[in-house]
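Only one structure is covered here, and it is reproduced in the block below.
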């Protein structure tokens, strides 16, 4: 079994020291709880509600800076997927996620679908999301709005991802009484459609007037929710996501008709 | 406003006369209720649980046979999307849906993703699902399992469909207490992802031991359910599905990054 956890932190713009401390606390707690894979929110290092590009730039960090080194040092055998505000080697800002463990940083993914005012701050990534060989198996990575493009989880599943880790910051949207957040419904569909596990780590709190959904959700390969809330945790079998068969004659990936799409 | 209805019939294998009467009754009721678009289940003419290919063949009908002529005659200004067991001009059997009104049959779509034992009976269609110009605007058509491939509603939305009509026969699957049928969750996600309306007409009853989900659902362009049950009806504005904008800087179709998928 693989223990998957999401730490639904409440990062704050303007408090990088506190944000860093909260991420390191979450990593420590996960290790104490014998978690194998921990997902942290989008932009966990910086907060989200930047006044402008200059404020984001002041909070950005290069991938070889002290923040990711601290995370690596803290991780041990734990695999961590965490969102951060990246200062690229090209000087551009990226809304990125790192996949790392105590051995080092294994991949950086730069969000390719930017949400709303992120476009005024970040440069979109221009490479497909990675599938990273980790201790818990092949893990795909998306960031927030990426997940609303079914092409993205599909691409990761076709390339062998068994679990998709998704750091998000979901602004609270209106929804009918009794309904789940719409993003959770889309996540459930993505899991079942591809028979992959999903671990979606949202953020908590209100930041500069923006309320967040706090919709953290861990989803099994049939699309059902197996963990949620501020410290979601679930014991899963990623290997089950290797089996794409759903009837005597059907396989969710092999049944595709790409010549028709 | 466009009035959309689904008639969740209970067709029976071996009772083509009764099945035909039930579809014509549903068309008459819809006209009396001033419905603009009526969706009938998958294989409404034949039932689903064929013993073998020979039984399906005996219940199949060519597109120029009396069944579709009866439907056209009954439809008047009503647009009908109905599933039927098609005997192709090539002698093969297809799990098809017709789009028609009193002026004639406007399109036939042959299901391209066959479910389970359908593969022993039907030939899969080899052309993409159509977008049909109807009195209620551009309508896309899928049949049942097709909808579980997000590429399909995406393709229809990209080609201008504002509403997607989906005749289905959903076998009852296990699901956690309090959850909707998984197919409904995937349908809600498809609607919201593409900002299109969905009218999914399931069937009722038990047939040769197979229980059906009876999961008929009409869904708005935000992915919320606006009609369900055996005689689902909803008044909708398909034109709203033309607007793909979801923030000051986002559009669900224009934001795609096809070069990355």
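Protein chains in written order, with full-length UniProt numbering: chain A, 1 to 261; chain B, 1 to 261.
Backbone N, C-alpha and C fix where the C-beta goes; we use that ideal spot for every residue, glycine too.
Just verifying my parser: in three-state terms, what is the DSSP assignment at residue i?
i                     : result
residue 120 (chain B) : helix
residue 145 (chain A) : helix
residue 79 (chain A)  : strand
residue 174 (chain A) : coil
residue 214 (chain A) : coil
residue 91 (chain A)  : coil
residue 18 (chain A)  : helix
residue 72 (chain B)  : helix
residue 248 (chain B) : coil
residue 162 (chain B) : coil
residue 100 (chain A) : strand
residue 28 (chain A)  : helix
residue 23 (chain B)  : helix
residue 241 (chain A) : helix
residue 157 (chain A) : helix
residue 151 (chain B) : helix
residue 67 (chain B)  : helix
On a CA-only basis, which of the options is nearest residue i? Give me that one, please.
i                     : options                       : result
residue 305 (chain A) : A:22, A:176 and A:227         : Given that chain A is displayed from residue 1 to residue 261, the structure contains no residue 305 (chain A) and the question cannot be resolved.
residue 250 (chain B) : A:148, A:49 and A:218         : A:148
residue 93 (chain A)  : A:116, A:58 and A:102         : A:58
residue 64 (chain B)  : B:202, B:8, B:106 and B:225   : B:106
residue 53 (chain B)  : B:232, B:61 and B:120         : B:120
residue 116 (chain B) : A:248, A:259 and A:24         : A:248
residue 72 (chain B)  : B:47, B:85, B:103 and B:56    : B:103
residue 222 (chain B) : B:185, B:232 and B:125        : B:185
residue 170 (chain A) : A:242, A:8, A:4 and A:237     : A:8
residue 96 (chain A)  : A:133, A:190, A:47 and A:51   : A:47
residue 100 (chain B) : B:135, B:110 and B:111        : B:135
residue 187 (chain A) : A:144, A:122, A:240 and A:231 : A:144
residue 219 (chain A) : A:179, A:212, A:146 and A:238 : A:238
residue 235 (chain B) : B:56, B:33, B:204 and B:213   : B:33
residue 10 (chain A)  : A:216, A:257 and A:151        : A:216
residue 167 (chain B) : B:178, B:146, B:174 and B:157 : B:146
residue 259 (chain B) : A:173, A:155 and A:31         : A:155
residue 142 (chain B) : B:173, B:180, B:172 and B:202 : B:202
residue 158 (chain A) : A:179, A:180 and A:190        : A:190
residue 204 (chain B) : B:226, B:232 and B:224        : B:232
residue 208 (chain A) : A:25, A:51 and A:2            : A:51
residue 224 (chain B) : A:244, A:178 and A:36         : A:178
With residue i and residue j assumed to form a contact (beta carbons below 8 angstroms), what rounded beta-carbon distance in angstroms separates them?
i                     : j                     : result
residue 42 (chain B)  : residue 83 (chain B)  : 4 angstroms
residue 192 (chain A) : residue 182 (chain B) : 6 angstroms
residue 80 (chain A)  : residue 38 (chain A)  : 5 angstroms
residue 27 (chain A)  : residue 78 (chain A)  : 7 angstroms
residue 153 (chain A) : residue 196 (chain A) : 7 angstroms
residue 4 (chain B)   : residue 49 (chain B)  : So it is not a contact: roughly 28 angstroms between Cβ atoms.
residue 161 (chain A) : residue 131 (chain A) : 5 angstroms
residue 151 (chain B) : residue 261 (chain A) : 4 angstroms
residue 62 (chain B)  : residue 87 (chain B)  : 5 angstroms
residue 257 (chain A) : residue 29 (chain B)  : Incorrect: roughly 36 angstroms between the Cβ atoms, too far for contact.
residue 139 (chain B) : residue 194 (chain B) : No, residue 139 (chain B) and residue 194 (chain B) are not in contact; Cβ-Cβ is about 14 angstroms, not under 8 angstroms.
residue 163 (chain A) : residue 241 (chain A) : 7 angstroms
residue 31 (chain B)  : residue 76 (chain B)  : 6 angstroms
residue 85 (chain A)  : residue 45 (chain A)  : 6 angstroms
Using the DSSP secondary-structure output, state which residues sit across from residue i in a beta bridge.
i                     : result
residue 259 (chain B) : In DSSP, residue 259 (chain B) forms no bridge with anything.
residue 3 (chain A)   : A:235
residue 125 (chain B) : The partner list for residue 125 (chain B) (beta bridge, DSSP) is empty, contrary to what the question assumes.
residue 107 (chain B) : B:99
residue 167 (chain A) : A:201
residue 86 (chain A)  : A:61 and A:94
residue 134 (chain B) : B:137
- Could you pull out every unbroken alpha helix (DSSP H) segment of at least 4 residues lying fully inside the region 34 to 65 of chain B, listed in chain order? Taking only runs of at least 4 residues, the alpha helix (DSSP H) segments lying wholly in the region 34 to 65 of chain B are 53 to 59.
- Kindly provide the ranges of any alpha helix (DSSP H) runs that are 4 or more residues long and lie completely inside the region 181 to 229 of chain A, ordered along the chain. As far as the region 181 to 229 of chain A is concerned, its whole alpha helix (DSSP H) runs of at least 4 residues are 182 to 194.
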